[in-house]
Structure formats: structure tokens, C-alpha cells
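Have a look at the structure below before the remarks.
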Amino acid sequence: MNEELCLMQSLNSNPLGFLVRGKQTRGETSRAASSISLLAVLVLILFGQTAAAQESSREAALFFSDVVNYQNAGEFDLAADEWKKFIEKFPSDPLAAKAQNYLAVCQLQLKKFADATTNFETVLKKYPEADFREEAMLNLASANYAWAQSGNAAKYGEAANRFSALLKEFPKSKFADQAYYFLAESLYMNGQQEESLRVYDYLAQNYPQSPLAPDAIYAKGVTQEELKKYADAQKTFDQFLEKHSSNALATEVSMRKAEALLQQNQVEAAEKLFAQVANKPGFELADHARYRLAFCALQKDELLKAGNEYARIPTQFPKSSYAPEATMLAGRCYYRAGHLDDAAKWLAAAGRRGGEYEVEAGHWLARVYLQQGKPGEAENLVKSVLPKAQGSEFLVSLKMDLADAVYEQPNRRTEAIGLYRRIAKDHADLPEGAQALYNAAFAALETRDFPLASSLADEFAQKYPQDESKLDAMYVGAEAKLQTDKFAEAEQSLNTLLREGRNRPEAARWQLRLALSQYLQSKYADVEKTVGGMLASLKDADLVAQANYLLGASAFQLNEYEKAQQALEASIRASKSWPQADEAQLMLARTLNQRGQNAQAIQEAQGIVTAFPRSQILDQVYFRLGEFLFAADRFTEAVSAYQQVLAKSPQSTLAPHALYGQAWAYLREPDTAKAERAFSQLIGQYGQHELVTDAYTGRAMARRAAGKYPEAIDDLNSVIAKSSNPNQKLEAEYLKGVSLVDSKNPAEAEKVFTTIHQQNPGFANDDKVLYELAWAQRSQDKPDAAAATFQMLAKSHPESPLAAEAMYHVGESHYSKEDFAEAEKWYAMSASKAKTAEIGEKAVYKRAWSQYQQDKTREALQGFGQQIDKYPNGVLTSDAVFMQGECFFKDKQFDTALDSYGRVNPKSLSSDEMRSLLWLHAGQAASQQKMWSAAKKWYGQLVDQVPNSPLIGETYYELGWAAYNERNTAEAIRYFDQAAEASRGLAGARARFMLGEIYFEQKKYDEATSQFKRVVYGFGGEESLESVKPWQAKCAYEIGRCSEVQIRGADAAKRAELIADAKKFYGLVSERYPESPEAKLAQTRLEALAQL
């Protein structure tokens, strides 16, 4: 039937599509997914018009046809339900066998494997003679295989049995090659690898043309690999490449052959094959090939090449499972090859990945950092890795890495000693133990822990008498005696060391240490003999430097500075790497300072810091450098120098001085928070030090600057209580008053300043006291008292830098009282005394304003001009130009005013109010000249730029007036409406009056009357502003006129109404506004109306 044909074609279009195998892990690489599906699965038999079909009832045939259509449409759930119904309804129908088979197929499509296998088994048992038995057996085997692949691995054995049963019953089956292949796969997946090899081989030998033959050979070779039969695997892979070189698996097979060769130690041959495969475009296992290629290079000790190959893996294959190990191996190869930057890059990348290689990568990266001179980075790295290294073979190496990293940081060598000693104790039997003990002794010597250095040197000699560092340890012991002021003993020890180690290359160096021991005993003649006798023969630059230093130091002690400078400069020229090179350079800096060459002394001190970061005398170097830098106003650098004293030598006697200097340097930067902390630290740590009282003053200044006024006042009270210096107390009182002002306590501040002024008339800072007193009074809203104090300051201290400002404030006081003449005088005095543009410009500006307020427009105009000339770039220059325009405007010189306004940049004016006045007055100046279009442009800027200006109503009125004069009535009405809406004052009243006038002119008397009434009754009515009342009178009179002009043409009733209205509003004018010009006119009109 046609329906069956459609169903078969549909299902065979993707046979076993849901059973495509994923990769299976075999050996070091994954076995490729099979590209072959079971053609037999879901195979349906194309039935023709069989006798059985002909014997089916019509009802069964139609039912069957519908269900076939469901299945063809992919509706497997529906089809399965219907096949069940068919079987129940037509159990004896000839089509029942097919229905049972199709039910199993649907269940297989729905991955209901248990139901599917049950129904396939039913088909085979119930219909043993069915002509589709072979296909049903294959479907049953395939269903078990699919079931196993879905997660039920136990079904692989059942699948193998079913495939075997099919081949036994149908040895010539058209599906034989597939059955053999999936039989082998089932055996393999069931753990029967040896059995699977025989089946793979049988398939390849007996079905060489089968599409599955290459897969069978491939699977055989991979299985042989897994069984470590590398020679057999190589032969199998050769067989594959010979017969199927164009197969998709050929590249992988070549790679697997290379692996088999490598496992047989055929490195050269393997390397060539790996290289070919790794460079094959699109090969999905190229990362593995590259990994093994790198291994081949490593086997040949080609370190750089190996590193490059390992590095290509995470670069080209970032998601590869080999990327973590390859990243670490790349770093190690580069490290061994001496490519430190590359090593650091890849080892750091390996560490960031975490996982099993993190610890090893951490150790090697730490060594790289140390070789690169990055001990801080090495330390941070090791600390992050150590917690993860317990049980690792790299644990002790990491401990040494940490100790070395700490040691390489000069200010932390004491800490390094503890780390070395711990390693020496915990791992004494390891080579690292001996090295750690010597390092600890040497570090103790370097950190000037001389008793410890001596003890550790003795311990080393006892534990490791044959160690190659024995003589070096002896030298450490001798040096320790020298450094503990046991100079005679040190001299004796050094003589002994010279005898035992006279053939050592270090003998000359030890002889110079002998000279030092003599120098420290003030045996200057012996020093000269010891050094002078060997100086000419010295070839080593360090030794030459040391010898010259000893000579220069001796000269310095004898105050022979010129001779000392020559010897010390010779020492520095020779070398800066010997142990006392820093002392030589500091001695030179001191010598230069003694000779008055301070700039050069700073350079030398800075040179010590740069050249000798591990110096043991850095407290002296940094402190002196800080003092020099502070005196040069280089405060940030001074802070850093002082900080080095505190950080590296906290127990130094220079520490409190450094802390004090640092605090003041912070204040001068300024950085008040850091200054406060530094002063607090000084007070807390050195409570009895002579600098503490000064520190309280400094901290008060820092706290005040930071807005911590109560705390500042507490500090100043401490100074007042503790200090025995009268001037210091007085300064503290003054600062206390300032702090009270700052803390919004002007009343108390006023008391303090008043007391200071009254009780200390000769106080050098009396002008400042009066200044602060005046501001304290102003803060309490005591303007008259403040003005009097400012005036006192101005008169008693006319040359004070504060006098000009005080005079300005006196002028402000008079100005606020509208005593513009007196204000003018004080502003003039302020301007003449001003030393800064800020005060000078304001004083000249306000003097001109005072003149303007007195209607002295000519003098004001001149004053504003002087301001512009003297302060052309001042903050008030644009305001002054504007005020020149205002002077002309006030004098009704509208053309000149307009010219001045035109020179003003509105953005430069000091306020929106002034900008609004500029645009309004400029427009009015243009209007006065009947320049209506220009006027509207000026008004328009105000409307656009300051729409919320208090002048907006007046501006709209002026716009309406300009439009009215341009005979643009519609525009005029719009602007007058906007003015009326925007203003409740004069501008609004005038605008409504003009609207009424326009409507009156247009003989729209009702509209005109409405506008006039809004003025009469609106704007507060009888309680309106005085400026509005004249316009209310005008509007009331105009209402009467509106009524009166309509009388002549009205009928009797209307005429009487209009006469009454006219009398009403003329009467209102006379009664409410008797003094207005309209009152007489209204009275006249009332008399005329009385005659009607």
C-alpha cells in the first residue's frame, strides 16, 4: 500500500539517527565517533498487495491506513496509541503482525526501549514466519544497543547476543557487515576487547568493500593500542593507511601510528608523523598531536623547540584538555633554555589555571622572578601557592623560594633569617638545609644581628665541617666580632682567617676588614700601613673602593675634608658594589655638606637610596635626605624619605624626628588626613619626647584643615596647658579662636579673639586676630560690630595684607545701609591698598556701583572703565561692561547704552538676574529708538535662556509692545497674553490694558471689557500693588468708554443698561482713584451721562 511506502521512506531517511555514537575514551586520545549508523534499524518492509492485505476487512484496512499516516507525519505518540488499539480490535487480521512491528518502531523512536524490545520480541515469537523477520531481528538487536547507549550499559551484552543470533540465523544477511560491526562494538563496550578484535578483523577481511571496513580496521588498531600491543597497532594503522588513505579517519590514524612508534622509542619517525598531523588543517586532535610533538623535542633535549611547541597548544587550542599541562611545560622548557621572560609568561599562565600543575608552576615561576630581580612578586606568588603544596615534592623548594624572596628585599632580611633557620631545622639532612643555615648566618650579619651571626656561623662549622662554605662561615664569625665592637678580638680573628685562607681569592678583602678593625681602634697609622701597602696591587674594583674609603674616612675624622673628598670620590668611582659603599657615599655627602655644597649633598644622598636599597644606614640617609628636600620645598619627596626611616628603622633615634618632619611635609603638600595620622603617631609612640607639644600644634592645624574642629580645639588646649613658651601659648589661643569660628561657634570665638586683642596689644598677629574677630561677629549677625572691628583693623594696621579686605567690608556695611557716599570712600581706600586682584577688582567695581546708586553716572561710568582697564580678565569684567550700559540707559542715552550691551558676553555675567536685565534693557534701548525687530531679538534671548526669570512678564509685555508697533496685532495679542499670565504685577496689568485697547480698536467691546475688568478686579483688587492701581484706574475708565460708545446704536433697553454700566465704572474711578488723571475725565463723563 502507498501509505506503507511513505512510512518506510520517511523512517529510512535517517536510520538510527538517535543512535549516533559519541566518542569513547581509549588510551591517551579519544576514539573518533563512528560515522556509520545501523541501516537495518527501523527498517520497514515494503509490502505490496499481498493476499493477506486483500483478506483484511475494509474497516481494518482503513484504520491501518490512518495510523500509517500518523506515523509518516512523525506523530509517534499518537501512532503508538492507535497501533495498540488496532492490535486489540483486529488481533487476527492479516495486518496485525505489521501493526505489532510498527508499534515497536514507534516506541523505539520515542526511546521507550523496554517497550520496543518487548514488542520486537513478541513479533519474532508470535510471527516466526513473517517475511520481515530478518529486519525485526536486526531492529531488536539495534534497540538493545540503543538502550545501552542511552545509559543502560548492561544491555551491550544483550545487544551482542542479538547480533550473534541474527548472523547465525541469517549468515548471508544483507545486513551482515553492519551486524558484525555493531557486534564488535557491543563486545568492546561490554569489556570483551580481545573478542572484539577477532570480529573487527573478520569484518575487514570478509567484507573489504563494506563502508564499515575502515571503521573496523580503525577500531581494531585503537583496541590494540589500549592493550599496549604497539607493534600490532602500528601494522593495523599501516593497513588502514594503505587501503583507506582518503578516509576521514586517515589523519587520526597517522597520529596513532606516530604514538605507536613513539612507544617503541622510534622518536625521529614519530616526530615527523606528529608534525605532519599537527599541521593538518581542521584536524580535531591536533592539540594531542602538538603535545606529543613537543614531547619528542623534549626527548631530544631541544628545549627551546619543545617550549615553542608546548606554547602553541594553549594558544591554538585554549579549550584543549592538554592546555593546563602544556602551559606549565612551556614555562619549564623556556626556563631551562634561559628565556626568562617567556618562562615567566607561561608559568604565570599555568598558575592562573590552577589544578594539579599550580604548585610546580609556582616554584619555577618564583625562581624566574628571583632571577629577574622581582623578589616581591616571587614572595606573593609563593605565599599563594604554599598552602596547596602540602605533600608535594616541591614543598621544600617553595620554602627556600620564599626565604630567598624575602631576603632579596633589603628591609626584610631579619624576617628571612627566621625562614632560613626554620628550613635548616626541619630539613637538616637535605642539601637545602646546609644552604639555608649559611644563608641565615650571612643574613644575620647583613642585618647587624651580630651575636646571632656568630652563633649561626659556629653552628654551621659544627654541622657541616666539610661543606664548601666553611671558610665563608668563618668570615661571618670574624665579621660579627668586628661589628659588636670587639675590635681587638676581631683583629685577632681576621689575622687567623688570613693565615688559614691565605690562598683564597677573598684574602685581599679580608685584609681590608683587618684594616677596618684597626681604624675602629683609632689606629690610623696602622690603617695607612695595611691599606697603603696593598692599594697599588689591588685589581678588584670593590677592593680599591674599600681601600679608598678607609683612607677617606680617616681623613674625615682628622677634619681634612678636601683630602677626604678626594679619597671618597675615588672610592665611589672605583665601585658601588662593595659592602660599605653606601657608607662611603654618605660620608661623601656629609663631607660636601661640610664644605657648603648642599645641592651636591642631596644628589649623593639620593644616589645612596637608589644604589643601596638594602643599606643598614638608611635611617641616617633618608632622614638627612628628608631634611634637605623639605628645605627645598619638595614635600612629597621629603615625605617618602622620612617614611623610609620609619619603615626600615622604627627603633632608630631618628624615628620621632622623621615622623615629625613627615607630618609637616604632609601639611605642606597638603594632605591633612595623613598629617593628622603622623602627628597622632608621634604623640602616641613618643609621649615624653621634646617634640610632643609641637606635635599637638601641628595636629590641631591638620584637624582644623580637615574640618575636625572640636578635636583641633582639644589639641590646642593641650598646647596651652603644656607649653612653657608664651608665644607658643598665644599662637595656640589664636588657632583655637579660628577653630571655634570654623566649628560654627562664633560667640566663643569672639570671646577668645577679644581677650587676645585686649590683653596682648603688641601681638605680632593682632591684624589676624581682628580679622577673625570681625568674621566671628558677622557670623552672629552683628554687622555693625563686625564693621567697627574691620574699621579698627584698617586704621590700626593699614599696611597689613588684610587691610584692603577690611576696608572693603567697611564699605559693604555702608552700602547695605544705602549710605552710598560713605561706602564709596571705603571702597576707594580698599582699591588703593589692594595687593590682590580679587579684592582690588571687587573694590573698584563696588565703588562705581556706589556712584551709580548716587546717580553720579558719569563718575560711575568712569569707575567701571577703570575696572575694565586694570582688570581686563577679571571675573567682574563683563559685569562692568554691562553696568556701563546701565549708566547710559539711566541717562537715557539709549544708542550708546545699546552699543555697550552689545559688547557684553551674557555667559560671562555673574548671575541670571544680570543676564535678564541685559536682555531686557538692551531690548528697551532698541525700542526707545523704534528698532522693533532688534528689540525683539534681545527680548527673545531672555525668554529662551532664562524662562523662569522674575522679569519674564515684563519681557513678554515689551515683546507685545514691539509687535504692536510693528502693526502685528495677532503677535502682539499673543505676547500680551503671555505677559498677563506670567505677571501678577505691573507688567501683567499693563499687558491686559493693552489687550483691552487692541480689542477696543477692533470694536470688540465685550473682549475689551473682559480684559479691563481683569485688571480692575484682579491683581488683588483694592489690595493691589501701588504700581498697579494707576492701571486699574485706566481700565475702569476704559470700561466706561466701552459702554458709552455703544449707546448711540442700542435699543432702549440695551441703551439703559449701557448707560448704567458706564456710570458705574466712571463712578468707580472717581471714588476709588480720585487722584488719578482719569478721575477728572470720569467726572466729566458722568455729568454728560446725567444729561441723557
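Position 573, counted from 1, in the sequence shown is what UniProt numbering calls 573; the numbers after and before it change by one each time, with no gaps. Don't be surprised by glycine CBs; every beta carbon is placed ideally from N, CA and C.
Using 8 angstroms for Cβ pairs, my map puts Tyr845 next to Leu876. What's the rounded Cβ distance?
With 8 angstroms as the limit, Tyr845 and Leu876 qualify as a contact, their Cβ atoms being about 5 angstroms apart.
Exposed or buried, what is Leu46 when buried is set at 16 or more other beta-carbons lying within 10 Å of its beta-carbon?
Any reading at Leu46 must be qualified, since the residue scores a pLDDT of 31, below 50, and its modelled position is unreliable; no value is offered.
Could you pull out every residue in the same chain whose Cβ sits closer than 7 angstroms to the Cβ of Gln606, ignoring the five residues on either side in sequence?
Leu625.
Taking the beta carbon of Ser1076 as the centre, do at least 16 other beta carbons fall within 10 Å, making it buried, or is it exposed?
Ser1076 should be labelled buried.
Taking Cβ to Cβ, would you say Ala786 is nearer than 8 angstroms to Ala804?
Taking 8 angstroms as the Cβ cut-off, Ala786 and Ala804 do not qualify as a contacting pair.
Inspect the beta-carbon positions of Val385 and Gly362 and report whether they are closer than 8 angstroms.
The answer is yes: Cβ separation under 8 angstroms.
Can you tell which of Ser724, Lys220, Ala665, Gln688 has the C-alpha that lies nearest to the C-alpha of Arg699?
Looking at the Cα atoms, Ala665 is the closest of the given residues.
My output table needs one value for Arg498: the three-state DSSP class, helix, strand or coil.
This sequence places Leu at residue 498; Arg is not what is there. Leu498 falls in the helix class under three-state DSSP.
Measuring CB to CB, does Tyr1005 end up less than 8 angstroms from Cys1042?
It is a contact, given that the beta carbons lie within the stated cut-off.
Identify, in the order they occur along the chain, each residue of the same chain with its Cβ nearer than 8 angstroms to the Cβ of Val531, setting aside the five sequence neighbours on each side.
Correct list, in chain order: Leu512, Ala515, Ala547, Leu550, Leu551.
On the CB-based measure, 16 or more other CB atoms within 10 Å of its CB, does residue 1119 come out buried or exposed?
In this structure the chain extends from 1 to 1092, so residue 1119 is not present and cannot be described.
Quick check: the Cα distance between Tyr956 and Gln978, rounded to an integer number of angstroms?
Whole-angstrom Cα-Cα distance: 6 angstroms.
In the structure shown, what three-state DSSP assignment does Glu1078 receive?
Three-state result, Glu1078: helix.
Note down, in chain order, each residue of its chain lying with its Cβ closer than 7 angstroms to the Cβ of residue 1126, except the 5 sequence neighbours on either side.
Residue 1126 is absent from the model: the chain starts at 1 and stops at 1092.
Can at least three beta-carbon pairs, one atom from the region 220 to 232 and one from the region 242 to 251, be found at a separation below 8 angstroms?
Too few Cβ pairs lie closer than 8 angstroms, so no.
Does Ala61 pass the burial test, meaning 16 or more other C-beta atoms within 10 Å, or should it be called exposed?
Buried, since its Cβ has 16 or more Cβ neighbours within 10 Å.
Do the region 706 to 716 and the region 738 to 747 meet, that is, are 3 or more Cβ pairs less than 8 angstroms apart?
Short answer: they touch.
Hey, which unbroken runs of the alpha helix (DSSP H) at 4 residues or more fall wholly within the region 793 to 827?
As far as the region 793 to 827 is concerned, its whole alpha helix (DSSP H) runs of at least 4 residues are 803 to 816.
Would a C-beta distance cut-off of 8 angstroms place Asp582 and Ser615 closer than the cut-off?
Cβ atoms of Asp582 and Ser615: closer than 8 angstroms.
Given that a residue counts as buried once 16 or more other Cβ atoms are within 10 Å of its Cβ, and exposed if not, what is Asn206?
The residue is exposed, with fewer than 16 neighbouring Cβ atoms inside 10 Å.
Looking only at its chain, what residues have a beta carbon closer than 7 angstroms to the beta carbon of Glu325, apart from the 5 residues adjacent to it on each side?
Tyr357.
Just the Cα atoms here: how many angstroms apart are Val277 and Ala219?
Taking the straight line from one Cα to the other gives about 19 angstroms.
Nearest-angstrom Cα distance between Arg21 and Glu185?
For Arg21, the pLDDT reaches just 28, beneath the cut-off of 50, and the residue's location in the model is therefore unreliable, although a value from the coordinates is still provided. Those two C-alpha atoms are separated by around 10 angstroms.
If we require 4 or more residues per run, which alpha helix (DSSP H) segments fall completely within the region 354 to 384?
Entirely contained in the region 354 to 384, the alpha helix (DSSP H) runs reaching 4 residues are, in chain order, 358 to 371.
Could you tell me which of Ala749, Arg292, Ser321 sits nearest to Asn308, measuring between CA atoms?
Ranking Ala749, Arg292, Ser321 by Cα distance to Asn308 puts Arg292 first.
Applying the criterion that 16 or more other CB atoms from any shown protein chain within 10 Å of the CB defines a buried residue, is Pro314 buried or exposed?
Buried, because 16 or more other Cβ atoms sit within 10 Å of the Cβ of Pro314.
What is the DSSP secondary structure of Gly338, counted as helix, strand or coil?
In this structure, Gly338 counts as coil in the three-state DSSP scheme.
Which two residues bound the contiguous alpha helix (DSSP H) that contains Lys220?
Where Lys220 is concerned, the enclosing alpha helix (DSSP H) stretches over 213 to 226.
Let me confirm a value: Asn503 is counted as buried when at least 16 other C-beta atoms fall within 10 Å, else exposed. Which label applies?
Exposed is the call here.
If we cut at 8 angstroms on Cβ distances, does Ile998 have a partner in chain B?
In the structure shown, chain B does not exist; there is a single protein chain.
With distance defined between alpha-carbon atoms, name the residue in Gly191, Asp177, Gln224, Gln193 nearest to Ala204.
It is Asp177.
With a 10 Å radius around its C-beta and 16 neighbouring C-beta atoms as the bar for buried, classify Gly960 as buried or exposed.
So Gly960 ends up on the buried side.
For Pro451, report the span of its alpha helix (DSSP H) as first-last.
Here the alpha helix (DSSP H) through Pro451 covers 450 to 463.
Can you tell me whether Arg499 is buried or exposed? The criterion is at least 16 other CB atoms within 10 Å of its CB, across all chains shown.
Label assigned to Arg499: exposed.
Should Ser816 go down as buried or exposed, given a rule of 16 or more other Cβ atoms within 10 Å for buried?
Counting Cβ neighbours within 10 Å, Ser816 comes out exposed, since fewer than 16 surround it.
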